[in-house]
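2 protein chains.
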Amino acid sequence: MSKLVIDMMGSDLGSAMSKEAVRLFHGAHPDCALVLVGKKAELADMNDYSLIEAEDVVSMEMGALEVLRKKDSSMVKAIEAVISEKADGIVSAGSTGAFLSASTLILKKIPGVIRPALVTSFPNLKTGGFTTALDVGASNANTPEEMAQFALMGAIYAQKVNHIARPRVALLSNGSEEGKGSPEGKKAYPFLREDKRINFVGNIEGSQLLNDGADVIVTDGYSGNVMLKSVEGAAKDLSGLLKKVFKRNLFSKIGYLLAKKGLKEMKDALDPKKTGGALLLGINGIVVKAHGNSTSEAFKNAMELAYRLSEERVVDALKVGFHA
Amino acid sequence: MSKLVIDMMGSDLGSAMSKEAVRLFHGAHPDCALVLVGKKAELADMNDYSLIEAEDVVSMEMGALEVLRKKDSSMVKAIEAVISEKADGIVSAGSTGAFLSASTLILKKIPGVIRPALVTSFPNLKTGGFTTALDVGASNANTPEEMAQFALMGAIYAQKVNHIARPRVALLSNGSEEGKGSPEGKKAYPFLREDKRINFVGNIEGSQLLNDGADVIVTDGYSGNVMLKSVEGAAKDLSGLLKKVFKRNLFSKIGYLLAKKGLKEMKDALDPKKTGGALLLGINGIVVKAHGNSTSEAFKNAMELAYRLSEERVVDALKVGFHA
């Protein structure tokens with residue numbers, strides 16, 4: 070049975086949002102044990118759940134180093150509860166930098182892992198499935214050895230979570246030919262090519278991200294973050310433009326009504342809320358970061374992601390992968 | 070009076086495309102002198118223009134080093150003609166790597182410029198204007214000093230070509246706060262902040278690229294290329310998805326017809342063909358690279374871009390900027 074700890078306080082929208090998300094999730098997965106961490110007064114109506122009190126909240130501006138001094142914060146207490154409560158993982162919508170560093174320091178890396186990676190899933194618009202990219206921002210520079218490890222982590226993730234038997238692993242580059250890439254990426258290439266545990270398919274460009282170019286995209290954290298934000302931004306700005314186009318006059322408004330169902334599906338396919346956020350891979354425990362401005366639906370989806378990782382025993386699979 | 074040299078042979082679509090583009094451009098700008106370079110047989114019907122014969126063609130696969138041995142190619146002959154014909158610049162749709170390196174070697178860098186930068190313009194969806202980004206792929210790694218120079222080059226470009234009096238210059242990063250960024254980006258930050266010649270507005274994320282976040286975005290060539298391709302790919306894949314949505318059934322097809330005009334404008338705003346391609350800045354001469362698969366309209370727009378740079382005396386302005 071899975072057990073998850075939830076930081077109830079981290080989001081921009083406050084505990085009303087996270088409480089709603091917990092109720093939604095619990096309705097769907099009554100078998101999953103939940104431990105909620107937050108201010109007692111705000112969680113007074115959640116007595117059906119296991120509660121841990123935390124007086125303090127980590128602010129969104131708080132950096133990686135400050136958070137550890139916030140010992141009474143819901144974030145730190147929640148991470149510690151993963152160990153004390155023997156839980157499988159944690160979900161928080163709090164400050165990314167703070168959450169990633171506190172999780173790494175408290176839960177510690179899986180033996181053999183040099184650096185954990187922040188992982189996100191992009192919609193594969195061709196197949197309706199997902200393409201996994203890592204690192205998308207846990208580090209802002211990575212060595213070739215770290216990128217080689219990201220490849221194995223990503224492949225295990227795609228196998229377990231996306232159920233792809235032999236995931237195609239590609240290296241992000243500025244050209245598809247071998248020999249292209251950042252200086253570190255070029256050095257990572259031979260590591261990936263020689264690794265028999267993964268199905269390496271060569272370099273890939275950002276243009277193939279949504280387009281079934283690969284199942285796993287390996288990148289350093291800085292470039293991965295640039296790719297993530299560029300694509301999310303473009304999708305958002307284009308949706309905004311589309312909305313303006315449809316609002317223009319009576320004809321376009323009728324046009325919108327007639328195509329509404331398809332447009333809604335298109336919007337959903339691109340909605341970061343649906344994928345539920347990013348996760349930190351390479352840690353002794355499931356660490357899922359929901360967006361700071363998550364709606365209850367988005368936060369619930371982040372919990373779903375953590376639940377899936379727990380049910381699929383992804384952390385155990387990574388331990389085996391890095392032990393071998 | 071402006072004078073441009075045109076490599077007629079480099080494109081995937083052959084000289085029929087470039088001839089059509091030349092005629093279109095000439096119709097719009099009869100004042101601009103043109104020198105066409107290519108195979109005599111294929112240019113037999115272009116005797117109204119000044120012609121230079123070239124027996125050979127640089128293939129799309131040809132790399133940066135091989136091109137210089139192709140002395141009889143239209144690309145090399147065209148670049149040389151910029152000097153011998155005292156022209157203002159050149160337009161080619163040939164292999165990017167070959168074109169950039171041959172242009173740099175033959176035309177040489179402007180004194181004071183450490184490295185030239187590949188520049189491209191993104192549509193600013195908020196204002197209808199453009200945001201200029203550099204480097205987007207001339208290098209695959211850059212020093213902080215090089216990035217500091219890109220800032221000045223980009224600012225001069227935005228002033229001259231986009232007519233922005235005091236362009237906002239931002240540094241691409243993985244977060245908007247100072248202290249975020251790639252290792253080299255962080256070192257470039259103080260250079261940009263201290264440079265009184267530019268209006269530095271701090272870090273910017275890829276999510277603000279189409280969204281009026283800045284007038285000029287400075288980045289190393291690798292990350293800039295990742296950003297460019299990610300955004301272009303997302304725009305293309307989303308347009309494809311939109312098309313599918315509208316083709317779904319009779320109602321959505323009618324919906325499309327009713328919103329058609331607005332959708333066409335949206336498509337045009339995002340069409341790389343409209344901006345006409347990228348250009349190499351920091352060289353003694355205007356160097357415009359049209360897409361390899363340019364239509365005659367796109368190639369004509371690349372010529373328009375070169376023409377605008379020539380009329381605005383951008384190379385002279387850069388020489389003054391780097392001399393001061």
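Read top to bottom, the protein sequences are chains A and B. Just add 69 to the spot in the first sequence (first one is 1) and you have the numbering used here. Just add 69 to the spot in the second sequence (first one is 1) and you have the numbering used here. In this text, a Cβ means the ideal position worked out from N, Cα and C, and glycines have one as well.
Run down chain B in chain order and give the residues with a C-beta less than 7 Å from the C-beta of residue i.
i	result
residue 295(A)	241, 243, 275, 292, 295, 296
residue 335(A)	310, 311, 314
How is residue i classed by DSSP in three states: helix, strand or coil?
i	result
residue 237(B)	strand
residue 72(B)	strand
residue 203(A)	strand
residue 268(B)	strand
residue 247(B)	strand
residue 127(A)	coil
residue 379(A)	helix
residue 82(B)	coil
residue 133(A)	coil
residue 276(A)	helix
residue 299(A)	helix
residue 384(B)	helix
residue 285(B)	strand
residue 183(B)	coil
residue 142(A)	strand
residue 361(B)	coil
What is the residue span of the beta strand (DSSP E) that residue i lies within?
i	result
residue 186(A)	186-192
residue 177(B)	Unbroken run through residue 177(B): none, as it is neither H nor E.
residue 107(A)	102-107
residue 120(B)	119-122
residue 158(B)	158-161
residue 358(A)	355-358
residue 347(A)	347-350
Going by C-alpha distance, which of the options is nearest residue i?
i	options	result
residue 371(A)	384(A), 140(A), 353(A), 347(A)	347(A)
residue 362(B)	164(B), 80(B), 355(B)	80(B)
residue 324(A)	315(A), 330(A), 331(A)	315(A)
residue 376(A)	82(A), 76(A), 98(A), 246(A)	98(A)
residue 365(B)	109(B), 78(B), 307(B)	78(B)
residue 168(A)	120(A), 210(A), 358(A), 180(A)	358(A)
residue 76(B)	305(B), 306(B), 174(B), 150(B)	150(B)
residue 127(A)	114(A), 352(A), 161(A)	161(A)
residue 289(B)	386(B), 209(B), 378(B), 139(B)	209(B)
residue 351(B)	132(B), 207(B), 130(B)	207(B)
residue 166(B)	379(B), 137(B), 194(B), 192(B)	137(B)
residue 132(B)	218(B), 118(B), 91(B), 163(B)	163(B)
residue 130(A)	338(B), 211(B), 283(B), 247(B)	247(B)
residue 92(A)	114(A), 335(A), 82(A), 386(A)	114(A)
residue 338(B)	94(B), 280(B), 194(B)	194(B)
residue 261(A)	295(A), 226(A), 213(A)	213(A)
residue 184(B)	197(B), 191(B), 170(B)	170(B)
residue 356(B)	90(B), 111(B), 287(B), 147(B)	147(B)
Residue i touches chain A at which residues, Cβ-Cβ below 8 Å?
i	result
residue 306(B)	194, 279, 280
residue 315(B)	328, 331
Within 10 Å of its beta-carbon, does residue i have 16 or more other beta-carbons around it, so buried, or fewer, so exposed?
i	result
residue 204(A)	buried
residue 276(A)	buried
residue 215(A)	buried
residue 85(A)	exposed
residue 189(B)	buried
residue 389(B)	exposed
residue 251(B)	buried
residue 116(A)	exposed
residue 157(B)	buried
residue 301(B)	buried
residue 222(B)	buried
residue 186(A)	buried
residue 392(A)	exposed
Please list the partners that residue i has in chain B, where partner means a Cβ-to-Cβ separation under 9 Å.
i	result
residue 325(A)	324, 327, 328
residue 238(A)	Correct list: empty, because the minimum Cβ distance to chain B is about 18 Å.
residue 394(A)	There is no way to answer for residue 394(A), as the model of chain A reaches only from 70 to 393.
Using a Cβ cut-off of 9 Å, pull out every chain A residue sitting near residue i, in sequence order please.
i	result
residue 206(B)	243, 244
residue 250(B)	209, 291
Which residues of chain B have a Cβ atom closer than 8 Å to the Cβ of residue i, listed in chain order?
i	result
residue 303(A)	278, 279, 299, 300, 303, 304, 307
Residues of chain A with a CB under 7 Å from the CB of residue i: which are they?
i	result
residue 321(B)	327, 328, 331
At what residues does the alpha helix (DSSP H) containing residue i begin and finish?
i	result
residue 112(A)	Segment: none, residue 112(A) is in no alpha helix (DSSP H) and carries neither H nor E.
residue 262(A)	252-263
residue 213(A)	213-230
residue 338(B)	319-339
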